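Take a look at the structure set out below.
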Amino acid sequence: MPTTGRTGVVTAPGKRRSRYKRSADPPGMVLMPRDLEVLGHLVRFHRMTGQQIKEIVPFGSVQTANYRLQKLWQHGYVERNYWPLSLGSSPAVYRLSHRGGAALASAIGGDVARYTRSSATRDQVFLEHALAVSQVLIAFELAARRAGHRLAWQIPADALDRLPDPLEEEKSIPILPDAILLYEVGNLKVRAFLEVDRGTESLRRVASKVRGCLAYLASGNYQRQYGRRTLRLLIVAPSGRRLASLESAVTATVQRTSAHLSGEAVDDLKIWSALQENMHSDTVLGDVWSANGRKARFLDGQVE
Numbered sequence: 004m005p006t007t008g009r010t011g012v013v014t015a016p017g018k019r020r021s022r023y024k025r026s027a028d029p030p031g032m033v034l035m036p037r038d039l040e041v042l043g044h045l046v047r048f049h050r051m052t053g054q055q056i057k058e059i060v061p062f063g064s065v066q067t068a069n070y071r072l073q074k075l076w077q078h079g080y081v082e083r084n085y086w087p088l089s090l091g092s093s094p095a096v097y098r099l100s101h102r103g104g105a106a107l108a109s110a111i112g113g114d115v116a117r118y119t120r121s122s123a124t125r126d127q128v129f130l131e132h133a134l135a136v137s138q139v140l141i142a143f144e145l146a147a148r149r150a151g152h153r154l155a156w157q158i159p160a161d162a163l164d165r166l167p168d169p170l171e172e173e174k175s176i177p178i179l180p181d182a183i184l185l186y187e188v189g190n191l192k193v194r195a196f197l198e199v200d201r202g203t204e205s206l207r208r209v210a211s212k213v214r215g216c217l218a219y220l221a222s223g224n225y226q227r228q229y230g231r232r233t234l235r236l237l238i239v240a241p242s243g244r245r246l247a248s249l250e251s252a253v254t255a256t257v258q259r260t261s262a263h264l265s266g267e268a269v270d271d272l273k274i275w276s277a278l279q280e281n282m283h284s285d286t287v288l289g290d291v292w293s294a295n296g297r298k299a300r301f302l303d304g305q306v307e
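First residue of the sequence shown? That's 4 in my numbering, and the numbers climb one at a time after it.
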């Protein structure tokens with residue numbers, strides 16, 4: 004028999020709730036510590052699929068994870084869209100809502116506006132890129148967690164700097180990596196800028212990002228900001244063919260740029276590349292990287 008909820012909306016008992024439309028009268032909810040953990044991760048990653056959330060938050064079971072995510076969405080703590088697929092069920096993509104930001108600020112402090120500043124766009128190219136970046140960061144985070152290493156990372160909201168293009172000085176290049184990582188194991192510290200390529204940008208655009216890193220090093224601003232001379236640039240590509248094209252374009256732009264900058268800046272930029280398919284917690288620290296044309300493990304080498 005139908006029942007009337009607190010808002011006066013008639014609902015049928017046992018009726019499955021819609022994936023796409025919030026209920027006018029959702030069941031009650033109390034935010035639990037693990038719910039706040041989900042909200043905190045959405046601040047850090049900006050966009051995550053339900054599967055990515057389940058990877059990084061220890062819910063205990065898939066059923067518990069699905070139940071809590073559904074409640075967070077029904078009560079407006081998160082926003083949820085669906086990533087369209089030609090076949091199969093579309094995965095949910097989550098981001099923090101204003102209510103979720105307010106709940107997080109109330110629990111741990113902080114600025115609601117800062118928590119919720121990421122864009123609400125549903126652009127397919129943007130979402131694919133954001134989720135690919137999240138997947139790489141999740142791989143590093145879980146690998147560090149498992150090994151007992153220290154990892155700090157951030158997705159910068161604004162350009163770190165803006166400098167003249169070494170090859171076209173009338174133009175400027177914003178220094179805005181997809182993410183900044185600091186991985187620490189004992190005395191080994193790897194500072195890295197991450198660029199995740201989805202094959203949607205031109206090779207010329209990717210080359211300009213590399214020139215931006217070189218200009219950042221040559222200006223001394225990188226060393227002043229981070230207290231280090233060397234910078235590792237991680238380039239992750241979606242396929243072997245695309246990776247080969249990227250490596251060729253990067254080599255060419257470094258050679259062209261070297262004539263316009265000091266040799267130290269060129270030497271201080273360490274470019275490492277890998278395939279997106281190898282960005283998993285059990286492989287990301289392994290020999291899936293290419294550094295100067297040779298296979299390398301992520302933690303190989305000297306302090307950087």
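Where a beta carbon is used, it is the ideal one built from N, C-alpha and C, also for glycine. Remember, it's a predicted structure, so these values are computed and weren't measured experimentally.
- Taking a cut-off of 8 Å for Cβ pairs, the stretch 93-112 and the stretch 41-54 touch, as three or more such pairs fall below it.
- Ile183 is the residue among Ala146, Met282, Ile183, Leu42 whose C-alpha sits nearest the C-alpha of Asp161.
- Look at the stretch 147-187 and you find these whole runs of beta strand (DSSP E), each 3 residues long or longer: 153-157, 164-167, 175-178.
- For secondary structure counted as the beta strand (DSSP E) over 3 or more consecutive residues, the stretch 204-244 holds these complete runs in sequence order: 234-240.
- Pro159 is positioned such that its CB atom lies no closer than 9 Å to that of Leu264.
- In the structure shown, Thr67 falls within a helical segment according to DSSP collapsed to helix, strand and coil.
- Shown here for Ile274: same chain residues with a beta carbon closer than 7 Å to its own, the five before and five after excluded, namely Leu236, Ile238, Val253 in chain order.
- Remark: fewer than three beta-carbon pairs, one from each stretch, lie closer than 8 Å, so the stretch 60-71 and the stretch 145-159 are not flagged as touching.
- If you draw a straight line from the Cα of Ser137 to the Cα of Gln279, it comes to about 11 Å.
- With contacts defined by Cβ atoms closer than 9 Å, Ala135 and Arg83 do not form a contacting pair.
- The stretch 234-304 is shown to contain whole beta strand (DSSP E) runs of 3 or more residues at 234-240, 272-278, 292-294, 297-299, in chain order.
- Ala95: member of the beta strand (DSSP E) spanning 95-99, first to last residue.
- Partner residues in the beta bridge of Met51, as assigned by DSSP, are Tyr97.
- Only exposed fits Asp114, as fewer than 16 other CB atoms lie within 10 angstroms of its CB.
- Boundaries of the alpha helix (DSSP H) harbouring Arg117: 115-118, taken from the DSSP string.
- Rounded to the nearest whole angstrom, the CA to CA distance from Ala247 to Val41 is 37 Å.
- Where Asn84 is concerned, the enclosing beta strand (DSSP E) starts and stops at 81-85.
- Selection Leu220, His44, His78 evaluated against Arg165 yields Leu220 as nearest (Cα-Cα).
- At a Cβ-Cβ threshold of 9 Å, Tyr80 and Asp126 do not count as neighbours.
- Shown here, Arg37 sits in a helix according to DSSP, grouped into three states.
- In terms of CA proximity to Pro87, Val128 leads the group Leu99, Ile56, Val128.
- For Val60, there is no enclosing beta strand (DSSP E), since its DSSP letter is neither H nor E.
- Sequence-distant Cβ neighbours of Leu288 in its own chain, meaning closer than 7 Å and more than five residues away, are Ala146, Arg300, Phe301, Leu302.
- Scanning its chain for C-beta atoms nearer than 6 Å, with the 5 sequence neighbours on each side dropped, one finds around Leu163 the residues Ile178, in chain order.
- DSSP, read as helix, strand or coil, puts Arg201 in coil.
- Separation of the CB atoms of Ile141 and Glu58 is rounded to 6 Å, and the pair is thereby assigned contact status at 8 Å.
- Val269 places its beta carbon 9 Å or farther from that of Ser276.
- Counting only residues of its own chain and dropping the five nearest sequence neighbours on each side, Leu99 has a CB closer than 7 Å to the CB of Leu42, Leu45, Val46, Val81, Tyr118, Thr119.
- In the structure shown, Ala106 adopts helical secondary structure according to DSSP, grouped into three states.
- Look at Ala27 here: in three-state DSSP terms it is coil, with no helix or strand label.
- Rounded to the nearest whole angstrom, the C-alpha separation of Leu197 and Val291 is 15 Å.
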